[in-house]
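A.B. asks: Chains as they are written, first to last, in our numbering: chain A, 4 to 226; chain B, 4 to 226.
Yeah, the Cβ is synthetic: ideal placement off N, Cα and C, and Gly gets one too.
If you're wondering where the values come from, they're calculated on a predicted model, not measured in any experiment.
2 protein chains.
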Amino acid sequence: MVLPRAAKTQRRTRIQEEKEEQILEAALEVFSAHGFRGSTIDQIAEVAGMSKPNLLYYFRTKEAMHRALIDRVLDTWLDPLREFNAEGNPVAEIRSYIRRKLEMARDFPRESRLFANEVLQGAPHIEDELKGPLKELVDEKAEVIRTWAKAGKIAKCDPYHLIFAIWSTTQHYADFDVQVRAVLGQENAGDGRFEDAARFLERLFVDGLQVREQPSSEYGLEG
Amino acid sequence: MVLPRAAKTQRRTRIQEEKEEQILEAALEVFSAHGFRGSTIDQIAEVAGMSKPNLLYYFRTKEAMHRALIDRVLDTWLDPLREFNAEGNPVAEIRSYIRRKLEMARDFPRESRLFANEVLQGAPHIEDELKGPLKELVDEKAEVIRTWAKAGKIAKCDPYHLIFAIWSTTQHYADFDVQVRAVLGQENAGDGRFEDAARFLERLFVDGLQVREQPSSEYGLEG
DNA sequence: TGTAATGTTTACCAACCGGTCAAATTATCA
DNA sequence: TGATAATTTGACCGGTTGGTAAACATTACA
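(1) Is it a yes or a no for the region 119-135 of chain B touching the region 183-191 of chain B, going by three-plus beta-carbon pairs under 8 angstroms?
(2) Any residues in the region 41-65 of chain B with a beta carbon nearer than 9 angstroms to a beta carbon of chain A? Which ones, in chain order?
(3) Alpha carbon to alpha carbon, how far is residue 102 of chain B from residue 96 of chain B? Give it in angstroms, no decimals.
(4) Check whether the Cβ of residue 175 of chain A lies closer than 8 angstroms to any Cβ atom in chain B.
(5) Are the C-beta atoms of residue 197 of chain B and some chain A residue less than 8 angstroms apart?
(6) Could you check whether residue 211 of chain A and residue 211 of chain B sit closer than 8 angstroms to each other, using their CB atoms as the reference points?
(7) Provide the residue span of the alpha helix (DSSP H) that contains residue 38 of chain B, from first to last.
(8) For residue 85 of chain A, count the other beta carbons within 10 Å of its own beta carbon; 16 or more makes it buried, fewer makes it exposed. Which is it?
(9) Can you tell me which of A:197, A:144, A:180 and A:179 puts its alpha carbon nearest to the alpha carbon of residue 83 of chain A?
(10) To the nearest angstrom, report how far apart residue 45 of chain A and residue 63 of chain A are at their CA atoms.
(11) Can you pull out the residues from the region 108-123 of chain B whose beta carbon lies closer than 8 angstroms to at least one beta carbon of chain A?
(12) Are the region 71-78 of chain B and the region 25-40 of chain B touching by the rule of at least three beta carbon pairs closer than 8 angstroms?
(13) Residue 175 of chain B to residue 165 of chain A, Cα distance in whole Å?
(14) Identify whether residue 164 of chain B lies in helix, strand or coil by the three-state DSSP scheme.
(15) Helix, strand or coil for residue 156 of chain B? Go by DSSP, reduced to three states.
(16) The alpha helix (DSSP H) spanning residue 103 of chain A covers which residue range?
(17) Measuring alpha carbon to alpha carbon, tell me which of B:65, B:157 and B:112 ends up nearest residue 92 of chain B.
(18) Can you tell me whether DSSP reads residue 120 of chain B as helix, strand or coil?
(19) Which chain B residues are close to residue 138 of chain A, counting only those with a beta carbon under 8 angstroms from its beta carbon?
(20) Residues of chain A with CB closer than 7 angstroms to the CB of residue 171 of chain B, please, in chain order.
(21) So residue 123 of chain A packs on residue 137 of chain B, CB below 8 angstroms; how close in whole Å?
(22) Answer yes or no: does any C-beta atom of chain B fall closer than 8 angstroms to that of residue 100 of chain A?
(23) Which residues in the same chain have their Cβ closer than 6 angstroms to the Cβ of residue 49 of chain B, if we skip the five residues on either side of it in sequence?
(24) With H, G and I counted as helix, E and B as strand and the rest as coil, what does DSSP make of residue 197 of chain A?
(25) For my contact list, residue 169 of chain A and residue 104 of chain A are in at a C-beta cut-off of 8 angstroms; report their separation, rounded to the angstrom.
(26) Quick check on the DSSP output: the alpha helix (DSSP H) that includes residue 189 of chain B runs from which residue to which?
(27) Consult DSSP for residue 128 of chain A and reduce its assignment to one of helix, strand or coil.
(28) Please return the same chain residues whose Cβ sits closer than 7 angstroms to the Cβ of residue 108 of chain B, not counting the five positions on each side in sequence.
(29) Candidates A:203, A:206 and A:163: which alpha carbon is nearest residue 200 of chain B's?
(30) Can you pull the chain A residues whose beta carbon is under 7 angstroms from the beta carbon of residue 164 of chain B, in chain order?
(31) Could you check the C-alpha separation between residue 209 of chain A and residue 100 of chain A for me, to the nearest Å?
(32) In chain B, which residues lie less than 8 angstroms from residue 141 of chain A when you measure between Cβ atoms?
(33) In chain A, what lies closer than 8 angstroms to residue 69 of chain B by C-beta?
(34) At a CB-CB cut-off below 7 angstroms, which residues of chain B make contact with residue 144 of chain A?
(35) Between the alpha carbons of residue 66 of chain B and residue 142 of chain A, how many angstroms are there, rounded?
(36) Since residue 2 of chain A and residue 183 of chain A are thought to touch, with beta carbons under 8 angstroms apart, how far apart are those beta carbons, to the nearest angstrom?
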């Protein structure tokens, strides 16, 4: 037989699992750093420590590799939002969501950049995931936030833009890492910037979402 | 003479100016959408409406085109931060900075994505700009913010992370536009999302930076 | 108007890139 | 062990890409 390629034989060989693991790890390294078009199969092969035809034995095409990687990573990536709990204390839930997202930016920056690259270039490969599972999950959690606001547990605000703000501020530390480092300077070599960021962001969002008697009317909104 | 190429002759021809303008416009379109490696000279040539060798007559290499584009756009891009005025009302200054950044995300999304692509992939072509002019400008404005905080005009906070938060939340609407649209759904076709974002962000930052008697001590910061 | 400088295009090249093929090597198991 | 299936690799292919050479066209200007 010439084309087992994972799908054909139900039972996966030990070697198959190991090699596919190796390849996806290397693919994550390369795709997250250069984007889909900017990456070459040779690069991935070199990082994975195997020959190009060998990669193509496990994944028929470059696109197949990318898709497998996206599928594998997307679930994990959305976990923090899934944990968002309607029953919990609203402010505490938002705080811990921020903390979890920031931890992911620190511990899984490549995953963050993989999606950032993809979305930035128009999401040509993950449009369905965005309009499907992602939107549904966000809709669900936005409804939770809206309920909290109506119940007076947090300040009234647009839940979608709140989620966008949490995404952008936290993922910024993964996606724009070189810029953050450049601006903060060399002395900020360790992970200290993540702790500073956590302090700042938790305070910003918590104070910003506190229910207020006179909701900053002196800065009333014009067009 | 065969190689005038702008630099050699001091006086620029009318044609030179027009064509270089055309090329950089096309380059912005293509580079911002696909990143440096993902873009081809042929693509840019087609958008610019001229032949590939003709492009290379004005810019010797693909890198030269990219560099010229970056140089041209970076100045404009930093204008909103430059306008940040130490003498003004602190909260008003921050609000109008947010507004200006959001307007830029709406009106110049390609410029935003150009830099996002670049930084995301490790800023291989603009490292010097980040560590030089950008850092100096941010250092200067961070000092202004720190002064305001010390004077009790705004809440005490890390000025660098405040700036990062404003950058990330506003640029998010340009860089991750497809994701924002996907999550908000089709009904949000116009520019309404920018107005909603402005309302949300101005309120978030203004309320979050309000000086407080008891600075949210009940959510005291742990590690 | 003539001519030298400037601008444009066609044809082309070498390197690279995604992917194939067939032969060789290794693992599996009756 | 031997035969069969699974895995790996070197050689190769067609298309693309960044860039060049040189002939051709146009403009500026004395």
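C.D. replies: According to the data block:
(1) no
(2) 41 and 42
(3) 10 angstroms
(4) yes
(5) no
(6) yes
(7) 17-41
(8) exposed
(9) A:144
(10) 14 angstroms
(11) 116, 119, 120, 122 and 123
(12) yes
(13) 12 angstroms
(14) helix
(15) coil
(16) 93-110
(17) B:157
(18) helix
(19) 185, 186 and 188
(20) 171, 172 and 175
(21) Not a contact, Cβ separation roughly 20 angstroms.
(22) no
(23) none
(24) helix
(25) 6 angstroms
(26) Unbroken run through residue 189 of chain B: none, as it is neither H nor E.
(27) coil
(28) 115, 173, 174, 176 and 177
(29) A:163
(30) 199, 200 and 203
(31) 12 angstroms
(32) 186
(33) Residues of chain A passing the Cβ test: none, with the nearest at roughly 13 angstroms.
(34) What residue 144 of chain A touches in chain B: nothing, since even the nearest Cβ is about 11 angstroms away.
(35) 43 angstroms
(36) Outside the shown range of chain A (4 to 226) lies residue 2 of chain A, about which nothing can therefore be said.
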